[in-house]
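Undergrad:
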Amino acid sequence: MKLRNTLAAAAALSIATLAAGAVFADTTLLNVSYDPTRELYKAVNEAFAKDWQAKTGEKVTIEQSHGGSGKQARAVIDGLQADVVTLALQGDIDQIAKTGKIKADWQKRLGNNSSPYTSTIVFLVRKGNPKSIKDWDDLTKDGVEVITPNPKTSGGARWNYLAAWAFADQKYGHDEDKDRHFIKKLYANVPVLDTGARGSTTTFAQRGIGDVLLAWENEAFLALDELGADKFDIVVPSLSIKAEPPVAVVDEVVDAKGTRKVAEAYLNFLYTPEAQKLIAHNYYRPSDPKAADPKDLARFPDVKLVSIDDPLFGGWAKAQPKHFADGGIFDQIYQPKSTN
Amino acid sequence: MAASYGLGFKRPSAIPGFGLALGFTLTYLSLIVLIPLSALVLKSATLGLAGFWEVVTGARTLAALRLSFLTSLFAATVNAVFGTIIAWALVRYRFPGRRLLDAFVDLPFALPTAVAGIALTALYAPNGWIGQWLAPLGIKVAYTPTGIAVALIFIGLPFVVRTVQPVLEEFDRELEEASATLGANRRQTVFRVMLPTLLPAILTGFALALARAVGEYGSVIFIAGNMPFISEIAPLLIIIRLEEFSYPQAAAIGTAMLMISFGILFFVHLVQAWQRRRFGHD
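In the order they appear, the protein sequences are chains A and B. Taking the working numbering, the leading residue of the first sequence gets 1, the next gets one more, and so forth. Taking the working numbering, the leading residue of the second sequence gets 1, the next gets one more, and so forth.
#1: Between the segment 147-158 of chain A and the segment 127-134 of chain A, are three or more C-beta pairs nearer than 8 Å?
#2: Touch check for the segment 163-177 of chain B and the segment 126-141 of chain B: three-plus C-beta pairs under 8 Å?
#3: Taking the alpha-carbon positions, what's the R99 of chain B to R212 of chain B distance?
#4: Using a Cβ-Cβ distance cut-off of 7 Å, determine whether P112 of chain B contacts chain A.
#5: State the Cα-Cα distance for the pair Q332 of chain A and V220 of chain B, rounded to the nearest angstrom.
#6: Anyone know if the C-beta pair for W216 of chain A and P36 of chain A falls short of 7 Å?
#7: Just tell me which of B:A103, B:G138, B:G218 has its CA closest to the CA of A119 of chain B.
#8: Just verifying my parser: in three-state terms, what is the DSSP assignment at P286 of chain A?
#9: Going by CA-CA distance only, name the one from B:K140, B:Q188, B:P166 that's closest to V84 of chain B.
#10: Compute the Euclidean distance between the alpha carbons of H66 of chain A and A14 of chain B, then round it to the nearest angstrom.
#11: Contact criterion: CB-CB distance below 7 Å. Does E169 of chain B meet it with respect to chain A?
#12: Assuming G173 of chain A contacts A88 of chain A under a Cβ cut-off of 8 Å, what Cβ separation, rounded to an integer in Å, is found between them?
#13: How close, in whole Å, do the beta carbons of L267 of chain A and V249 of chain A come, if the pair is a contact with beta carbons under 8 Å?
#14: For T201 of chain A, which of helix, strand or coil comes out of DSSP?
#15: Please name the residue, chosen from A:I308, A:K318, A:Y334, that lies closest to A164 of chain A on a Cα-to-Cα basis.
#16: At a CB distance below 7 Å, what residues from the segment 149-181 of chain A approach chain B? Give them in sequence order.
#17: Taking three-plus beta-carbon pairs below 8 Å as touching, is the segment 28-43 of chain B in contact with the segment 234-244 of chain B?
#18: Does any residue of chain B have a CB that is nearer than 7 Å to the CB of Y334 of chain A?
#19: What separation, rounded to the nearest whole angstrom, lies between the Cα atoms of Q341 of chain A and T201 of chain A?
#20: In chain A, which residues lie less than 9 Å from P126 of chain B when you measure between Cβ atoms?
#21: Just to confirm my understanding: we take V122 of chain A, look at its own chain, exclude 5 residues before and 5 after, and list those with CB closer than 6 Å. What are they?
#22: Answer with buried or exposed for Q53 of chain A, where buried requires no fewer than 16 other C-beta atoms within 10 angstroms of its C-beta.
#23: Tell me which residue opens and which closes the alpha helix (DSSP H) that K185 of chain A is part of.
#24: Report the three-state DSSP secondary structure of K242 of chain A (helix, strand or coil).
#25: Taking only the alpha-carbon atoms, compute the straight-line gap between I133 of chain A and L139 of chain A and give it to the nearest angstrom.
#26: Using 8 Å as the Cβ pair cut-off and three pairs as the minimum, do the segment 180-191 of chain B and the segment 120-128 of chain B touch?
#27: Kindly list the residues whose CB is nearer than 6 Å to the CB of D211 of chain A, restricted to its own chain and excluding five residues on each side of it in sequence; keep chain order.
#28: Just the Cα atoms here: how many angstroms apart are A188 of chain A and F24 of chain B?
#29: Any Cβ of chain A within less than 7 Å of the Cβ of F290 of chain B?
#30: Should G225 of chain B be flagged as near chain A, meaning a C-beta pair shorter than 7 Å?
#31: Can you round the beta-carbon distance between G147 of chain B and A76 of chain B to whole angstroms, since I take them to be within the 8 Å contact cut?
#32: Return the first residue and the last residue of the beta strand (DSSP E) that I62 of chain A is part of.
#33: Could you tell me if S238 of chain A is buried or exposed, where buried requires 16 or more neighbouring beta carbons within 10 angstroms of its beta carbon?
#34: Just how far apart, CA to CA, sit L90 of chain B and S72 of chain B?
#35: Taking 8 Å as the threshold, find out whether the segment 249-264 of chain A comes into contact with the segment 181-198 of chain A through three or more Cβ pairs.
#36: Alpha carbon to alpha carbon, what distance is there between F232 of chain A and V284 of chain B?
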């Protein structure tokens with residue numbers, strides 16, 4: 001009987017604690033994001049928590065979850081209680097929206113197609129650029145090894161692929177057969193297909209494999225900061241892709257948790273001058289450059305950027321199935337008996 | 001000789017609690033094993049038989065399955081041989097540092113597989129400690145199927161050692177002595193007296209190492225290179241299908257792996273049963 005009493009007491013106590021917790025708890029948001037945004041959101045979360053407390057007197061804690069963009073989207077679809085998603089690809093948020101967890105019009109709810117910042121793809125080469133890699137067509141030369149992750153498993157890698165495609169399309173005057181051939185030659189120079197962007201950075205930087213790494217602009221700058229500017233150089237190609245990583249509130253979760261107000265404020269905060277400044281400082285291109293520190297802006301090289309909404313791609317809804325679906329152009333590259 | 005009683009249901013066992021134990025076993029097995037597996041099969045069943053067949057017999061799927069099962073079989077075979085030798089050394093000889101070595105055997109169990117994969121890749125990459133000596137000889141380990149086999153040998157080793165070791169410890173030395181007094185030489189004793197007794201344990205270890213290797217993802221992914229048709233393992237192909245949000249296709253590949261694994265394990269059990277009958281062990 002003694003044990004039973006103890007258990008009952010413990011149960012009562014824990015229920016009481018939970019109830020009390022619910023009344024006095026600070027609001028907690030979960031931001032489910034993709035791989036390279038760790039440093040950015042750490043800075044933004046701190047600033048937002050301060051801002052929110054100053055405005056409303058409420059305390060808010062933001063928890064972070066990072067991983068490959070597609071994997072994160074699947075986790076949310078399968079029930080991860082994310083209040084907001086900040087992913088690498090519009091297509092990943094569209095997949096969540098298909099389940100009804102996010103309203104279909106999500107992309108119109110915030111400015112710039114719901115992308116508070118953009119980024120692009122650049123080359124990271126070994127110091128002094130021994131293979132003199134200047135532009136995308138240097139990547140298809142014999143004897144050049146290119147490191148890029150698998151577009152099937154990495155959102156960033158899809159931007160790499162599309163940037164190369166955009167270059168080829170311009171160079172060969174919109175001849176799709178030649179574009180395919182260019183992409184095939186490029187991927188023939190890829191010796192390892194890692195599953196994520198950080199994996200590729202490790203292969204290139206730590207294992208010493210490859211002559212050039214195709215990387216997010218912010219990852220390339222971070223690699224210089226962390227691994228040493230004396231080991232690598234950044235090369236900016238003549239043309240690259242305008243990567244627009246979008247953000248959205250997960251309607252089903254915030255309505256159930258009652259966190260809609262703070263979640264929306266959090267995403268709106270990303271567009272404020274304060275957050276835009278942090279964004280530029282963390283090597284992402286701000287949507288409102290006026291707010292950023294000119295010194296931070298000066299670090300971004302001028303490069304011609306092609307958007308996914310360019311007629312060449314026709315948006316993610318068209319580009320995704322054409323290039324990356326099962327049997328799509330990327331798969332055809334690796335077919336032993338390919339038609340091209 | 002319990003088996004000769006036939007169905008044990010009607011004859012009350014001397015040990016109480018049969019109903020309770022069986023009920024518990026069935027519930028537990030259903031919850032932990034059968035329900036998730038049925039969910040997997042059901043998901044792949046949404047494709048229909050023709051659709052399932054198309055996914056499973058696709059050239060890329062076949063290449064991935066072949067790679068996964070061949071490297072796993074190879075790794076399990078290597079482990080069966082060397083694991084038995086290690087178990088033999090640890091049981092039969094007394095030498096300084098034996099207990100420490102014994103503890104080392106379990107390390108592949110304890111290490112998170114991703115850590116193992118990263119460590120092995122660092123060692124075998126062309127600029128790694130081991131890789132730099134192999135590279136001039138033209139031997140590439142990391143980012144090739146050879147690297148996959150190395151990772152699978154690493155993670156599978158404890159299974160063989162830990163299943164063979166206790167059997168070897170219990171091995172009746174009098175049998176060896178009897179065999180010697182009957183005129184068998186040392187070789188004959190090992191191969192005709194000892195090995196048949198150890199074989200069921202070795203086979204169990206082999207089967208466990210194989211099953212583990214087939215499903216291994218974490219350590220392999222770092223060392224494999226992941227090139228389609230060359231070094232892309234079946235579990236990676238499942239992840240790729242999931243990334244495409246093609247759940248039924250992913251489940252179909254999973255189901256195919258399950259069926260092949262079940263077939264191999266079933267075969268191993270048949271060999272064990274045949275072996276038991278032949279040598280009269282029970």
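Where is the CB? At the ideal position from N, CA and C, for every residue including glycine. Since this is a predicted model, take the numbers as computed values, not measurements.
TA: In this structure, then:
#1: no
#2: no
#3: Mapped onto the second sequence, residue 99 of chain B falls at position 99. Mapped onto the second sequence, residue 212 of chain B falls at position 212. For R99 of chain B and R212 of chain B, the distance between alpha carbons rounds to 26 Å.
#4: Within the second sequence, residue 112 of chain B is the residue found at index 112, counting from 1. Cβ-Cβ to chain A under 7 Å: no for P112 of chain B.
#5: Working through the first sequence from its first residue, we reach residue 332 of chain A at position 332. Working through the second sequence from its first residue, we reach residue 220 of chain B at position 220. Rounded to whole angstroms, Q332 of chain A to V220 of chain B spans 25 Å at the Cα level.
#6: Residue numbering aside, residue 216 of chain A sits at position 216 when the first sequence is read from its first letter. Residue numbering aside, residue 36 of chain A sits at position 36 when the first sequence is read from its first letter. It is a contact, given that the beta carbons lie within the stated cut-off.
#7: Here the question's residue 119 of chain B lines up with position 119 in the second sequence. Of the listed residues, the one whose Cα sits closest to A119 of chain B is B:G218.
#8: In the first sequence, the residue the question calls residue 286 of chain A occupies position 286. The answer is strand: DSSP assigns P286 of chain A an E or B state.
#9: Working through the second sequence from its first residue, we reach residue 84 of chain B at position 84. The sequence given here places Thr at residue 84 of chain B; Val does not occur at that position. Selected option, being the one with the closest Cα: B:P166.
#10: Against the first sequence, residue 66 of chain A aligns to sequence position 66. Against the second sequence, residue 14 of chain B aligns to sequence position 14. If I take the Cα positions, the gap works out to 56 Å.
#11: Counted from its first residue, the second sequence places residue 169 of chain B at position 169. It does not: the Cβ of E169 of chain B has no partner Cβ on chain A nearer than 7 Å.
#12: Locating residue 173 of chain A in the first sequence gives position 173, counting from the first residue. Locating residue 88 of chain A in the first sequence gives position 88, counting from the first residue. In fact, because the Cβ distance is near 30 Å, the residues do not count as touching under 8 Å.
#13: Taking the first residue of the first sequence as position 1, residue 267 of chain A is located at position 267. Taking the first residue of the first sequence as position 1, residue 249 of chain A is located at position 249. Correct: roughly 6 Å between the Cβ atoms.
#14: Numbered from 1 along the first sequence, position 201 holds the residue referred to as residue 201 of chain A. Helix at T201 of chain A.
#15: Start at 1 with the first residue of the first sequence, and residue 164 of chain A comes out as number 164. Of the listed residues, the one whose Cα sits closest to A164 of chain A is A:I308.
#16: N150, K152, T153
#17: no
#18: To locate residue 334 of chain A, count along the first sequence from 1; it is residue 334. Contact of Y334 of chain A with chain B is assigned, a C-beta pair being separated by under 7 Å.
#19: What the structure shows of chain A is the stretch from 1 to 340, and residue 341 of chain A is not part of that stretch, so it cannot be assessed.
#20: The residue you call residue 126 of chain B lines up with position 126 of the second sequence. Simply R207, G208, I209.
#21: What you label residue 122 of chain A is simply residue 122 of the first sequence in a count that begins at 1. E217, A220, I234, V236, listed in sequence order.
#22: Reading the first sequence from its first residue, position 53 is the one you call residue 53 of chain A. Looking at its Cβ environment, which holds fewer than 16 other Cβ atoms inside 10 Å, Q53 of chain A is exposed.
#23: Along the first sequence, one-based indexing puts residue 185 of chain A at 185. Unbroken alpha helix (DSSP H) run through K185 of chain A: 176-188.
#24: Along the first sequence, one-based indexing puts residue 242 of chain A at 242. Assigned with DSSP and collapsed to three states, K242 of chain A falls in strand.
#25: Walking along the first sequence from the start, residue 133 of chain A turns up at place 133. Walking along the first sequence from the start, residue 139 of chain A turns up at place 139. Approximately 7 Å between the Cα atoms of the pair.
#26: no
#27: Numbered from 1 along the first sequence, position 211 holds the residue referred to as residue 211 of chain A. So the list reads K131, V144, E145, once near-sequence residues are dropped.
#28: One-based indexing of the first sequence puts residue 188 of chain A at position 188. One-based indexing of the second sequence puts residue 24 of chain B at position 24. Using only the alpha carbons, I get a separation of about 55 Å.
#29: A question about residue 290 of chain B goes unanswered here, because the residues of chain B that appear run from 1 up to 282.
#30: Within the second sequence, numbered from 1, the residue matching residue 225 of chain B stands at position 225. At least one chain A Cβ lies under 7 Å of G225 of chain B.
#31: To locate residue 147 of chain B, count along the second sequence from 1; it is residue 147. To locate residue 76 of chain B, count along the second sequence from 1; it is residue 76. Going by Cβ atoms, the distance from G147 of chain B to A76 of chain B rounds to 17 Å, so no, they are not a contact pair.
#32: Counting from one through the first sequence, the residue named residue 62 of chain A turns up at place 62. 60-65 is the span of the beta strand (DSSP E), which, as asked, contains I62 of chain A.
#33: Position 238 of the first sequence, counted from the first residue, corresponds to residue 238 of chain A. Label assigned to S238 of chain A: exposed.
#34: Your numbering for residue 90 of chain B matches position 90 in the second sequence. Your numbering for residue 72 of chain B matches position 72 in the second sequence. Looking at the two C-alpha atoms, the distance is approximately 25 Å.
#35: no
#36: No answer is possible for residue 284 of chain B: the residues shown for chain B start at 1 and end at 282.
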